[in-house]
Structures are given as structure tokens and as C-alpha cells.
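For the protein sequence lines, the chains are A and B, in the order given.
FYI, the working numbering numbers position 220 of the first sequence as 220, with every residue one higher than the one before it.
In the working numbering, each residue's number is its place in the second sequence (first place is 1) plus 1000.
Cβ atoms here follow ideal geometry from the backbone N, Cα and C, with glycine treated the same way.
All figures in this text were calculated on a predicted structure; none of them were measured in a lab.
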Amino acid sequence: MSLWSHIFGEIGFRKLNALFSLLGLTLAVTVVVASQLLAEADERETRRVTRDMGFNLRLISAETDLGQFYRDGFSRNEMDSAMLDRLATHLTNNVSFNHLVGSLRREYTINGQDILLIGLSETYVAPGQGKKPMGVVIKKGTIHIGSEVARKQKKGRNDTMHLGERQFTVANDPIETGTPDDITIFTRLEDVQSVLRLEGKINEIEAIDCLCLTADQDPLAILRQEIGNILPEVQVVQMRTLADARAKQRQTREKVNQFVLPWVLVACAVWVALLAVINVRDRRQEIGILRALGEGGGRIAGLFLGKAALLGLMASVFGAAFGTWAVLEFGPSLFPVTKKAIQANPTLAWQMVVATPVFAAFASFIPAMLAVSHDPAETLRED
Amino acid sequence: MMIRCDEVTKIFRKNGSEVTSLDRFTADIGAGEFVAVRGPSGSGKTTLLLTLGGMQRPSAGLVQFSGHDLYGLSPADRAGLRSGEIGFVFQMFHLVPYLDLMGNVLLASPGKPGPAVRKRAGELLDKLGLAERVSHRPGELSAGERQRLAVARALLNRPKLILADEPTGNLDPENAAEVVRHLAEFHKTGGTVVLVTHGTTADTHADRFLHLKQGRLVAD
């Protein structure tokens, strides 16, 4: 009789044992698949949420008086925009900052209203990470205005406004934010440089710190050293509350994943192993007679490991399907901001198909060895 | 000589104390003999049978099978010898519950059974009155049918020796007689039978009786 005939026959005969093993393994695969897909969704959501929190690093001229900086909300000391390019060339996976945006900020008066005028460069991101630039992309000839600017200037989307001698179109629907953004006009860096006649100048570089360390882990010292090595002429200001919130959110997510997954896998492995032990006990007479008939230890082990691998294979299919379905069904309510990005992961499913039989066989290894080392004479004399 | 036992002793250690199950057992069993082994419970009959079948290494002494030191063989060689030359029949049948009758008989086949082996299995089931139940499972058979199935399995490889451990112990007299009759038929074709028994069903077929008491051979 072939090994697989035996295995299929035994599974059919001891359905309950096979069913419980299958359930345990399916649960393990479901949890792995679901947690992996949820982790990906969670990371996207976290990234998006923290991105929306804004930049948490501000690089300003080393000559800037911080009293003036905090009082006015920007530095009055300009820097060459070439410094932004210099910093951008160092953006790799090995540095602890990303998403660089150069800006030029000044107070400005328009039709008697004092506003803040901010010109933003394009965003520089480290290559090869697949990261999309943060913030809003401002198209040429357009501006984004704050709610208070819109109210006082009586302007809205698609209206035109003049900055100096140049005409711009409002490209946003102004919304009250309760921040200085309400009295700000954003446009492209070169436009503000032109309006202010400060060509080639910026007064700030914004960035995001990627260390995701909380304040007690002192990320600022690391960032200052890294950035200082590239741009010694700047000082680094970290918006610590924002950085901390971002770091804590990411750390919490990672801790949850690191804690839950191993314990689920261990619990499922123990469950499968216990069922395999029960199976070995139930089959002592069978093992005894097979040994009496001249079957070797390899075939006896094969009966148990083969069964485990077969159940693992079935569980990988059920678990991958169920885990994916669960995430697609319930994920969007958990991660509403990035719900469109939640999708099945075929690579992960294939990994499960390969890994689960191995995992199941590994969990059944000790019981299989118990079966192999079982003294058949002991069983056969139990008449 | 098919089997030669020389001073075969088996000692079990249980809870720190030693129990001598076989005590310097010495006997020869020739090819074609039908030997009935008798003795009270705990006299070492089953131990003797398992030792002769290469299933239980003795604590001391020598067991030879067809001139080979049975326990001097490697486990694989001993398993091969068991598979090819020895058939087992047990009181509790020891059938595989999830295989049908054909599957249980074919279990004895070393490797994948070919058409000739399947044909022989079918013939044996027919001969033992089980042909119509080939696709049934052991759980659907009576005790007598189960034991006949076990006999069919033991006969599949045309063994030289059948070791039967109280094969009639769970059977009514009619079924017991039938099982012994099949063993006797095997004996008539030149096979060797060693039958452990409490009853007298085999008395008319056995040509030799060994009596064990407390592990010792007290009468031959």
C-alpha cells in the first residue's frame, strides 16, 4: 500500500483528530496572513496619518536666533537653495531623515491684509523606497490659500489673485485649520523667490525623521550629527511632540505584531503536536503490527509527518483564503484612510503554501519520533 | 533446523524490580513442525513468541533462524526477514481499522503490491471465506472473520513460519476450530507453526507441545 493511501485512509477514519489539527493549522495560517495584511495596512495608515501630521524636522540657518524663529514662525536668515540639493544627494536608506522640502517664508501684505507667504520646493525622497512625496503638489501658476485669506480677500477655488505683478489661480477649497495656515498663501518656491526678489534663496528645509525613536531615546543627537556632517551651516529643530507621537504610533504597531504572531504560532504548534501525540497513542497497535510486518522507522515516521504535511497544505489554502477574506471584509473599517490600498497578497499566500506543511511536520516531529521509537513488542503483548 | 534457542533469557525491569519472563529457554524447532506452546498466564509464552519473531531482543542467550543469529542481524535485515519469512497472528487481530480487507492483507506485502500479489490476496480471502467482504473494514466483521483476515495477512508472503499468539482466545469454539484448521492446512503444505494456546483446539493438529512455567521450559 502506498504511504499516501494509508494517510488518506487514516484521515478519513479518524476524522475528528484530522479536523482539529486542520482547524489549528488553519487558524495559524489565518492569523499569519491576516496579521501580515493588517500590518501592511496599519503601516500604510500610520504612514499616512503621521505624514498628515506634517514634517517634524526644521532645518534653518545656524545664524538664526531661535527667539526670532519661534516668535515669527520662520527664520529671517536665508540660505542658498543649493544646500537643499546637497542634502538631497545624501538621501539613502542609511540616513535617518527623508521627505526634504525647501521653503522660503516671509510675511507679506496683500490688499492691506498681513499674511504669511510660503514658497515650497518639490519634495525629495530617498530613491528605491517607493515612497510618495508628502504634502500637496502645487501646480505652476496656482496658489493654495488659507481660510482667513479667502474670507478677507473674498476668494475661493478657481478665483485669481495677484502676488506682486503676477497672477495666480486659487487651486484649493480653503478650510479653517486653527493654525497659521489659515493666514498663509502657499505657492511654488520659484514663484515666491520671484515675488520677494530672493532668487536662489530658501530659509528653511523641512524633513521627517525616520528613526521613530521616542524622546527618551534621544533621536535628536543622532539627527544633528548626521545632518551636521552634511550641512554644518544649519541648525536642526525637532518638533518633538509630533515626532514622539509618530514614533510611539509606529512602535506600538510593531510591538503588537512582534508579540501576537510568535505566541499564536507557538500555541498552534503545541495544539498540533498534542493532537499528533493523541494520534500516536491511538495508533499504537497499528504501529506495532506494521513493525511486526517488517515496516521500517522511515515509513512509520512518514505516516505521521506525511499526514501533518498534507493537513498543513490544506490548512495553508483554507487559512490564506480565510485570512485574506477577513482582511478584505473588515480591514476597510479598521483603516478608513488607506482602505483602497488593502488587497490580497498572492506572494504571501504562496509562502504559506510552502511554509505551512513544513511548520506542521515540524510540530509533529516529536510525536512522529515517539511512534518510531515505540517498542512494538510492548503493544503486541497487550492482548 | 529452522529455529534454535539456546539459553534464551528475557528479564523485564519494572519499578526497580526484575521479572524473569523467559528463563534459559533452550529448544530447537524443525522446519515443518506444528508446535503448541502452553502454560499458565505470565509463564512467558508471548515473550517467547515475540523473541522467536525477532520482535523482542532477549536479555541473554542465542536465537537462530535458519542458521542466522536473529539478533545479530541489523534491524533492517531483521525486519526484512520478518516480512519475508514469518507470519504473525495475534489474539487481538491487530488489523488496521481504516483499511479494507484487501488493504489489510496487502499490508504484509513488502513494497508496492503488484498484480500477482493482489491476485494471491484475493485467493486467500476467497479461501478463508471473506471474498464477498473485500471492500469492508475490520470493524464490520465478526471476531471469527477478523481472525481469518489476520491469518490471510500472515499467509500472503508464503512464509516459512507462522507465529500465532492465542489466535483462538477471543473466538467461539466453531470459529476457533476453523482458524486452527487454516493453520493446520499451512502446516500440511510444509509450513512451520508455533502456536501459543490455552485451549485444546490445536491438540489434534499439533505434533509437539512445549510447556512453560515461570519462564522455564518444563515439558517438551
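Chain B contact for residue i (CB, 9 Å cutoff)
i	result
A292 (chain A)	yes
A301 (chain A)	no
R281 (chain A)	no
Q249 (chain A)	no
G306 (chain A)	no
S21 (chain A)	no
A377 (chain A)	yes
F13 (chain A)	yes
S333 (chain A)	no
S364 (chain A)	no
S5 (chain A)	yes
Any chain A beta carbon closer than 9 Å to residue i
i	result
K1112 (chain B)	yes
Q1064 (chain B)	no
S1269 (chain B)	Residue 1269 (chain B) is absent from the model: chain B starts at 1001 and stops at 1220.
S1043 (chain B)	no
V1096 (chain B)	yes
Q1056 (chain B)	yes
R1158 (chain B)	no
A1079 (chain B)	yes
P1075 (chain B)	yes
G1144 (chain B)	no
P1172 (chain B)	Rather than Pro, the amino acid found at residue 1172 (chain B) in this sequence is Asp. So, not an interface residue.
D1165 (chain B)	yes
Y1153 (chain B)	One point to set straight first is that residue 1153 (chain B) is Arg, not Tyr, in the sequence displayed. True, the Cβ-Cβ gap to chain A drops below 9 Å.
G1103 (chain B)	yes
Under 9 Å by beta carbon: chain B residues contacting residue i
i	result
F359 (chain A)	Those do not exist, as F359 (chain A) stays about 25 Å from chain B at its closest Cβ, beyond 9 Å.
S373 (chain A)	Neighbours of S373 (chain A) on chain B: none; closest Cβ ~12 Å, over 9 Å.
Integer Cβ distance of residue i from residue j, believed to fall under 8 Å
i	j	result
G302 (chain A)	L1099 (chain B)	That belief does not hold up - the Cβ atoms of G302 (chain A) and L1099 (chain B) are roughly 16 Å apart, past 8 Å.
L57 (chain A)	V236 (chain A)	6 Å
G1191 (chain B)	G1044 (chain B)	So it is not a contact: roughly 24 Å between Cβ atoms.
N203 (chain A)	F74 (chain A)	6 Å
Range covered by the alpha helix (DSSP H) that runs through residue i
i	result
L303 (chain A)	297-334
I227 (chain A)	219-230
I392 (chain A)	Residue 392 (chain A) lies beyond the range of chain A shown here (1 to 383); nothing can be said about it.
G1144 (chain B)	1143-1155
Nonlocal neighbours in the same chain, by C-beta distance under 6 Å from residue i, ignoring five residues either side
i	result
N172 (chain A)	H144
R224 (chain A)	V236
H1187 (chain B)	F1034, V1193
V277 (chain A)	P367
A363 (chain A)	A269, V272, A273
G1060 (chain B)	The sequence as given places Ala at residue 1060 (chain B); Gly does not occur at that position. For A1060 (chain B), where only same-chain residues beyond five positions count, the Cβ hits under 6 Å are T1009.
Host beta strand (DSSP E) of residue i (start-end)
i	result
Q113 (chain A)	113-124
N98 (chain A)	97-110
R1038 (chain B)	1034-1038
E204 (chain A)	204-209
E1007 (chain B)	1003-1014
I342 (chain A)	No beta strand (DSSP E) contains I342 (chain A), which DSSP labels as neither H nor E.
I175 (chain A)	Counting along the chain, I175 (chain A) falls outside any beta strand (DSSP E), and DSSP gives it neither H nor E.
H6 (chain A)	No beta strand (DSSP E) contains H6 (chain A), which is instead part of the alpha helix (DSSP H) from 3-13.
L1161 (chain B)	1161-1165
Interface residues of chain A facing residue i [CB-CB closer than 7 Å]
i	result
T1046 (chain B)	R381
S1083 (chain B)	L293, G294
A1108 (chain B)	L293
Neighbourhood of residue i by C-beta, 7 Å cutoff - its chain only, sequence neighbours within 5 removed
i	result
G1063 (chain B)	Here residue 1063 (chain B) turns out to be Val, not Gly, going by the sequence shown. C1005, V1008, T1051, L1052, L1070, Y1071.
M314 (chain A)	L22
A1027 (chain B)	C1005, L1210, L1217, D1220
L348 (chain A)	V33, Q36
I7 (chain A)	L303, G306, K307, L310
Chain-ordered chain A contacts of residue i [CB-CB under 8 Å]
i	result
L1130 (chain B)	Near L1130 (chain B) there are no residues of chain A at all, since even the closest Cβ is about 18 Å away, more than 8 Å.
G1053 (chain B)	A292
Cross-chain neighbours of residue i in chain B, by beta carbon under 8 Å
i	result
A321 (chain A)	Ordered by position in chain B, no residue passes the 8 Å Cβ test against A321 (chain A), which lies about 29 Å from the chain.
E10 (chain A)	Y1098
S2 (chain A)	K1112
Same chain only: Cβ atoms within 8 Å of residue i, ignoring 5 sequence neighbours per side
i	result
G312 (chain A)	L25, T356, P357, V358, F359, A360, A361
L1171 (chain B)	A1143, G1144, Q1147, V1179
L120 (chain A)	V101, G102, S103, G135, I138, F186, T187, R188, L189
Cross-chain neighbours of residue i in chain B, by beta carbon under 7 Å
i	result
I287 (chain A)	Simply none; closest approach about 10 Å.
Within chain A, the residues that residue i reaches when beta carbons sit closer than 9 Å
i	result
L1212 (chain B)	Ordered by position in chain A, no residue passes the 9 Å Cβ test against L1212 (chain B), which lies about 15 Å from the chain.
F1088 (chain B)	I289, A292, L293, L380
L1050 (chain B)	A292, P376, A377, L380, R381
G1067 (chain B)	Within 9 Å Cβ-Cβ: nothing; G1067 (chain B) doesn't reach chain A, min ~20 Å.
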